[in-house]
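Everything on this sheet refers to the single structure shown next.
Number of protein chains: 4
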Amino acid sequence: MVYRTTPKMAERKDAHRRKLLAVAIRRFGRQGYHATTVPHIVADSGSSTGSFYFYFRNKEDIFAAVLESVGEHISDALNEAIAAVRDPFLQMRTAVERLFLFLAENPDEAQILIVESSGLSPRLHRIRRNIISSHCRSVERALQGLSGVLPPMNPDVVARCWVGAVYESVHHWLETATQKRLPPEKIAQEVARFNLRGISAGEEVR
Amino acid sequence: MVYRTTPKMAERKDAHRRKLLAVAIRRFGRQGYHATTVPHIVADSGSSTGSFYFYFRNKEDIFAAVLESVGEHISDALNEAIAAVRDPFLQMRTAVERLFLFLAENPDEAQILIVESSGLSPRLHRIRRNIISSHCRSVERALQGLSGVLPPMNPDVVARCWVGAVYESVHHWLETATQKRLPPEKIAQEVARFNLRGISAGEEVR
Amino acid sequence: MVYRTTPKMAERKDAHRRKLLAVAIRRFGRQGYHATTVPHIVADSGSSTGSFYFYFRNKEDIFAAVLESVGEHISDALNEAIAAVRDPFLQMRTAVERLFLFLAENPDEAQILIVESSGLSPRLHRIRRNIISSHCRSVERALQGLSGVLPPMNPDVVARCWVGAVYESVHHWLETATQKRLPPEKIAQEVARFNLRGISAGEEVR
Amino acid sequence: MVYRTTPKMAERKDAHRRKLLAVAIRRFGRQGYHATTVPHIVADSGSSTGSFYFYFRNKEDIFAAVLESVGEHISDALNEAIAAVRDPFLQMRTAVERLFLFLAENPDEAQILIVESSGLSPRLHRIRRNIISSHCRSVERALQGLSGVLPPMNPDVVARCWVGAVYESVHHWLETATQKRLPPEKIAQEVARFNLRGISAGEEVR
DNA sequence: AATGAATGAGTCTTCATTCAT
DNA sequence: CATGAATGAAGACTCATTCAT
Numbered sequence: 786m787v788y789r790t791t792p793k794m795a796e797r798k799d800a801h802r803r804k805l806l807a808v809a810i811r812r813f814g815r816q817g818y819h820a821t822t823v824p825h826i827v828a829d830s831g832s833s834t835g836s837f838y839f840y841f842r843n844k845e846d847i848f849a850a851v852l853e854s855v856g857e858h859i860s861d862a863l864n865e866a867i868a869a870v871r872d873p874f875l876q877m878r879t880a881v882e883r884l885f886l887f888l889a890e891n892p893d894e895a896q897i898l899i900v901e902s903s904g905l906s907p908r909l910h911r912i913r914r915n916i917i918s919s920h921c922r923s924v925e926r927a928l929q930g931l932s933g934v935l936p937p938m939n940p941d942v943v944a945r946c947w948v949g950a951v952y953e954s955v956h957h958w959l960e961t962a963t964q965k966r967l968p969p970e971k972i973a974q975e976v977a978r979f980n981l982r983g984i985s986a987g988e989e990v991r
Numbered sequence: 786m787v788y789r790t791t792p793k794m795a796e797r798k799d800a801h802r803r804k805l806l807a808v809a810i811r812r813f814g815r816q817g818y819h820a821t822t823v824p825h826i827v828a829d830s831g832s833s834t835g836s837f838y839f840y841f842r843n844k845e846d847i848f849a850a851v852l853e854s855v856g857e858h859i860s861d862a863l864n865e866a867i868a869a870v871r872d873p874f875l876q877m878r879t880a881v882e883r884l885f886l887f888l889a890e891n892p893d894e895a896q897i898l899i900v901e902s903s904g905l906s907p908r909l910h911r912i913r914r915n916i917i918s919s920h921c922r923s924v925e926r927a928l929q930g931l932s933g934v935l936p937p938m939n940p941d942v943v944a945r946c947w948v949g950a951v952y953e954s955v956h957h958w959l960e961t962a963t964q965k966r967l968p969p970e971k972i973a974q975e976v977a978r979f980n981l982r983g984i985s986a987g988e989e990v991r
Numbered sequence: 786m787v788y789r790t791t792p793k794m795a796e797r798k799d800a801h802r803r804k805l806l807a808v809a810i811r812r813f814g815r816q817g818y819h820a821t822t823v824p825h826i827v828a829d830s831g832s833s834t835g836s837f838y839f840y841f842r843n844k845e846d847i848f849a850a851v852l853e854s855v856g857e858h859i860s861d862a863l864n865e866a867i868a869a870v871r872d873p874f875l876q877m878r879t880a881v882e883r884l885f886l887f888l889a890e891n892p893d894e895a896q897i898l899i900v901e902s903s904g905l906s907p908r909l910h911r912i913r914r915n916i917i918s919s920h921c922r923s924v925e926r927a928l929q930g931l932s933g934v935l936p937p938m939n940p941d942v943v944a945r946c947w948v949g950a951v952y953e954s955v956h957h958w959l960e961t962a963t964q965k966r967l968p969p970e971k972i973a974q975e976v977a978r979f980n981l982r983g984i985s986a987g988e989e990v991r
Numbered sequence: 786m787v788y789r790t791t792p793k794m795a796e797r798k799d800a801h802r803r804k805l806l807a808v809a810i811r812r813f814g815r816q817g818y819h820a821t822t823v824p825h826i827v828a829d830s831g832s833s834t835g836s837f838y839f840y841f842r843n844k845e846d847i848f849a850a851v852l853e854s855v856g857e858h859i860s861d862a863l864n865e866a867i868a869a870v871r872d873p874f875l876q877m878r879t880a881v882e883r884l885f886l887f888l889a890e891n892p893d894e895a896q897i898l899i900v901e902s903s904g905l906s907p908r909l910h911r912i913r914r915n916i917i918s919s920h921c922r923s924v925e926r927a928l929q930g931l932s933g934v935l936p937p938m939n940p941d942v943v944a945r946c947w948v949g950a951v952y953e954s955v956h957h958w959l960e961t962a963t964q965k966r967l968p969p970e971k972i973a974q975e976v977a978r979f980n981l982r983g984i985s986a987g988e989e990v991r
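Protein chains in written order, with my numbering: chain A, 786 to 991; chain B, 786 to 991; chain C, 786 to 991; chain D, 786 to 991.
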């Protein structure tokens with residue numbers, strides 16, 4: 786009786802948790818928080834109620850985990866995209882486009898972040914707002930790096946406008962019928978242009 | 786043939802309905818849809834369960850009515866503000882500021898529109914999106930009136946950016962602690978400036 | 786101020802009550818007791834809740850009135866039919882046929898008596914059973930008049946069999962799709978034959 | 786891989802379900818469908834609301850299960866009784882007597898089948914009528930086996946009369962005060978005689 | 001670690017009935 | 001006599017969570 790928990794077991798355990806999380810993203814993304822029940826998730830994942838509560842304290846908890854995972858996915862995508870570019874203006878433009886495209890390509894996660902995580906418990910609301918705020922802070926940082934070049938403006942407010950423009954645009958794109966949608970790249974470009982003009986940097990990139 | 790339905794009765798009936806609606810706005814705005822129960826509304830309004838269901842088919846129904854009333858209040862405020870101004874650019878700026886201020890002054894309604902009406906039933910979601918879309922259409926109309934003066938841009942996308950910027954800014958202002966808030970007029974101005982620059986009209990108004 | 790209630794008013798009053806009764810028969814016959822609400826009846830009759838409770842103490846009360854009216858209609862039909870015949874055997878046969886045909890021709894009333902008045906309050910159940918019992922007593926009386934001619938049998942039991950056979954036959958006829966139904970006269974005859982054979986009087990009539 | 790679902794658990798589960806069913810039969814038989822509430826059943830069975838809805842989709846569902854169980858009990862009793870006899874006429878007589886006695890001995894189930902299952906939802910009504918129709922079909926089959934010996938008659942109609950006679954007789958016996966009741970065997974015999982005479986087979990058995 | 005039966009607090013909703021006008 | 005707004009008791013049902021196995 787040497788190994789109580791073998792590495793293999795730990796691996797399996799992790800896989801089980803990830804499975805639940807993946808399944809939860811689908812359900813929450815398509816049905817929302819309240820319409821998704823624990824039995825739903827359990828059934829989809831092929832496990833059991835008991836297991837569920839082994840891996841997550843409660844329903845709120847798995848939603849929180851889902852939300853945080855969405856936040857990380859987005860951050861990863863953004864960081865990766867920005868790292869590939871040098872010019873600060875181009876970085877800002879790339880960030881907008883990458884965010885838009887990420888959400889367009891991951892509609893379940895987009896739906897969760899933009900639509901389904903509103904109006905829930907304070908804790909969940911806070912997580913959602915933190916994700917959005919962190920995007921805003923990225924924008925703010927970029928703005929500060931350009932403060933000499935741009936006209937004076939309140940970076941806090943401008944960052945909110947910037948992010949709000951992206952989110953509403955994505956939301957609208959997601960709710961547009963598939964046949965009527967423009968290619969996401971086109972819209973992402975247009976949004977980026979609007980935002981850059983918004984900080985008086987329209988000419989710099991185009 | 787006496788008056789079976791006296792004018793007095795109709796008046797009282799209307800008042801009763803309005804009372805329920807007003808009370809519902811407070812509750813929904815502060816606790817959200819799910820945390821608000823029919824008994825809450827009934828107790829606040831001083832009426833009875835039966836009365837509630839006499840005036841509204843069900844809980845969803847009163848929320849729909851609330852949402853529509855919010856939409857109308859905003860439209861009224863906007864139309865009034867715009868009618869007081871001639872210059873198209875100034876109109877756009879005024880609209881942004883008036884929308885921002887209206888929501889800042891009516892936090893329950895703002896909370897309902899921006900936060901609590903997300904992720905509910907398809908019907909409610911549709912009403913919410915219709916309100917937002919109607920703001921977008923107003924912006925689009927204004928843009929079309931200026932199409933000659935401005936650089937070419939997709940009015941559909943730009944209108945979404947414009948409205949998204951306002952809503953996210955309001956949302957952020959609402960979630961900021963009262964002591965830390967800037968005066969709403971300041972922020973409204975800043976948002977308006979961002980949006981006007983976004984359509985390359987930054988100079989026209991300033 | 787001589788006449789407080791003119792004859793004309795009394796007449797109208799009666800008409801109002803009859804209207805409610807007629808409308809109730811349709812509703813109760815088609816939807817049953819519980820699925821029929823007072824507002825339904827009121828709406829159909831074009832009157833008001835208040836009026837309803839002026840003419841009937843409560844919902845049970847109008848159902849009782851409906852049931853009693855059904856009982857009277859049937860009695861009237863039977864008495865009339867029997868009075869037209871002399872021979873006791875033929876009378877019994879005529880009674881079966883008339884009962885069957887009456888119910889076949891008045892499906893709402895049949896449905897109320899046979900199906901919808903079961904399982905309700907003790908009072909309503911009693912009224913229903915009294916109607917059926919009174920049919921049984923008619924059969925018993927007829928049997929007593931023939932006691933010399935027939936083999937000895939328990940008239941109480943035989944009468945129940947007799948009536949039960951008719952009711953179940955009607956019920957089955959009513960639930961048969963219209964296209965698949967035999968003409969009610971044929972079935973009525975066959976039921977009558979069964980019942981007459983049941984009292985060993987098969988040869989006497991045929 | 787241990788037994789996750791032990792036989793013991795399955796057994797207990799089954800017992801729980803049967804307990805609910807048994808308790809429901811008592812309640813439905815004595816108070817009828819509408820007067821019986823889910824809390825009643827739950828309290829009687831010593832389980833919980835949640836358990837109730839774990840085993841049955843809703844109140845209608847448990848009534849359906851009750852009704853089907855009643856139908857099976859009767860079928861079992863009849864088949865057993867008939868299998869013990871050879872002569873076709875005697876079989877028919879035995880069937881009548883066994884049905885009567887079964888219902889007399891199980892007044893709750895009788896009450897449910899005869900009285901309380903009328904006028905409910907279409908689904909429940911259908912189940913009830915199917916039970917009765919299946920009895921009718923048994924009678925029809927028996928009649929067809931004797932078609933050569935008996936005078937020509939519509940087996941469909943005759944079967945309904947046959948069954949209707951039994952049910953109305955039982956119903957009347959059940960509603961008779963205990964002190965005034967004849968022994969059920971006596972009545973069963975009399976009903977059987979009526980029915981056999983009804984198919985012109987009175988002499989064959991007596 | 002896994003299972004799934006058991007729990008029960010919490011809500012919405014219906015509808016017969018009353019009564020002020 | 002007529003009206004219809006107002007009442008509130010009563011019941012069905014959901015689902016997150018627990019715990020014995």
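Where a beta carbon is used, it is the ideal one built from N, C-alpha and C, also for glycine.
Only a predicted model underlies this, so the values are computations on that prediction, with no experimental measurement involved.
Can you tell which of A:Ala-889, A:Gly-930, A:Ala-795 has its C-alpha closest to the C-alpha of A:His-957?
A:Ala-889
Is it true that the CB of A:His-910 sits closer than 8 Å to the CB of A:Val-948?
no
From D:Ala-800, D:Ala-807, D:Phe-885, D:Arg-803, residue whose alpha carbon lies closest to that of D:Glu-970
D:Phe-885
Distance, C:Val-827 Cα to C:Lys-844 Cα:
11 Å
CB contact below 8 Å: C:Gly-949 versus chain D:
yes
Along the chain, where does the alpha helix (DSSP H) that runs through A:Lys-804 open and close?
792-820
Pull up the distance between the alpha-carbon of A:Ala-869 and that of A:Ile-912, whole angstroms please.
28 Å
By the 9 Å beta-carbon criterion, what residues does the stretch 844-878 of chain A contribute toward chain B?
none
Proximity winner among D:Pro-892, D:Pro-792, D:Ala-986, relative to D:Thr-963 (alpha-carbon distances):
D:Pro-892
Residues in the stretch 954-979 of chain B with C-beta within 7 Å of chain A's C-beta atoms, listed in sequence order?
Ser-954, His-957, Glu-960, Ile-972, Glu-975, Val-976, Phe-979
If contacts are defined as beta-carbon pairs under 8 Å, then C:Glu-953 and D:Arg-945 qualify, I think. What distance do you get, rounded to the angstrom?
5 Å
Short CB-CB distance (under 8 Å) between A:Asn-939 and chain B
yes
What's the gap between the Cα of D:Glu-865 and the Cα of D:Met-877?
13 Å
Just checking: is the beta-carbon of D:His-920 within a distance shorter than 8 Å of some beta-carbon in chain C?
no
I want to know whether the stretch 898-905 of chain D touches the stretch 807-819 of chain D - three or more CB-CB distances under 8 Å.
yes
Does the CB of C:Gly-814 have a neighbour CB from chain D at under 8 Å?
no
For B:Phe-841, name the three-state secondary structure that DSSP assigns.
coil
Can you tell me which of the three DSSP states C:Thr-963 falls into?
helix
Can you list, in chain order, the residues of the stretch 792-820 of chain B whose Cβ is nearer than 7 Å to any Cβ on chain A?
Gly-817, Tyr-818, His-819
9 Å Cβ cut-off: residues of chain B touching A:Val-900:
Ser-903, Gly-904, His-910
Starting from B:Arg-982, find everything on chain A with Cβ-Cβ shorter than 7 Å and list it in chain order.
Arg-982, Gly-983, Ser-985
Is the Cβ of C:Val-881 closer than 8 Å to any Cβ of chain D?
no
Just how far apart, CA to CA, sit C:Leu-805 and C:Lys-793?
19 Å
Between the Cα of D:Ile-847 and the Cα atoms of D:Ile-972, D:Phe-813, D:Phe-979, which residue gives the shortest distance?
D:Phe-813
Neighbourhood of D:Phe-887 by C-beta, 7 Å cutoff - its chain only, sequence neighbours within 5 removed
Ile-859, Ala-862
Work out the CA separation of A:Phe-837 and A:Ala-849 for me, nearest whole Å.
14 Å
Distance between beta carbons of A:Val-976 and A:Val-855, contact taken as under 8 Å:
A:Val-855 to A:Val-976, Cβ: 20 Å. No contact.
Please work out which residues of its chain come closer than 8 Å, Cβ to Cβ, to D:Tyr-788, disregarding the five sequence neighbours upstream and downstream, and give them in chain order.
With a pLDDT of only 49 at D:Tyr-788, under 50, the local geometry of the prediction cannot be trusted, and the value read off the model is given with reservation. So the list is empty, once near-sequence residues are dropped.
How would you call A:Arg-883, buried or exposed, if buried means at least 16 neighbouring beta carbons within 10 angstroms?
buried
Is the CB of D:Val-934 under 8 Å away from at least one CB in chain C?
no
Taking B:Arg-914 as the query, report the chain A residues whose CB atoms sit under 9 Å from its CB, ordered along the chain.
His-956, His-957, Glu-960
Go to B:Asn-891, then tell me how far its alpha helix (DSSP H) extends in each direction, as first and last residue.
Note, B:Asn-891: premise wrong, no alpha helix (DSSP H); not H, not E.
Which class does B:Leu-931 belong to by DSSP, given the choice of helix, strand or coil?
coil
Which residue wins for smallest C-alpha separation from D:Arg-871, given the options D:Arg-982, D:Ala-927, D:Lys-965?
D:Ala-927
In angstroms with no decimal places, state the Cα-to-Cα distance between C:Pro-936 and D:Pro-824.
54 Å
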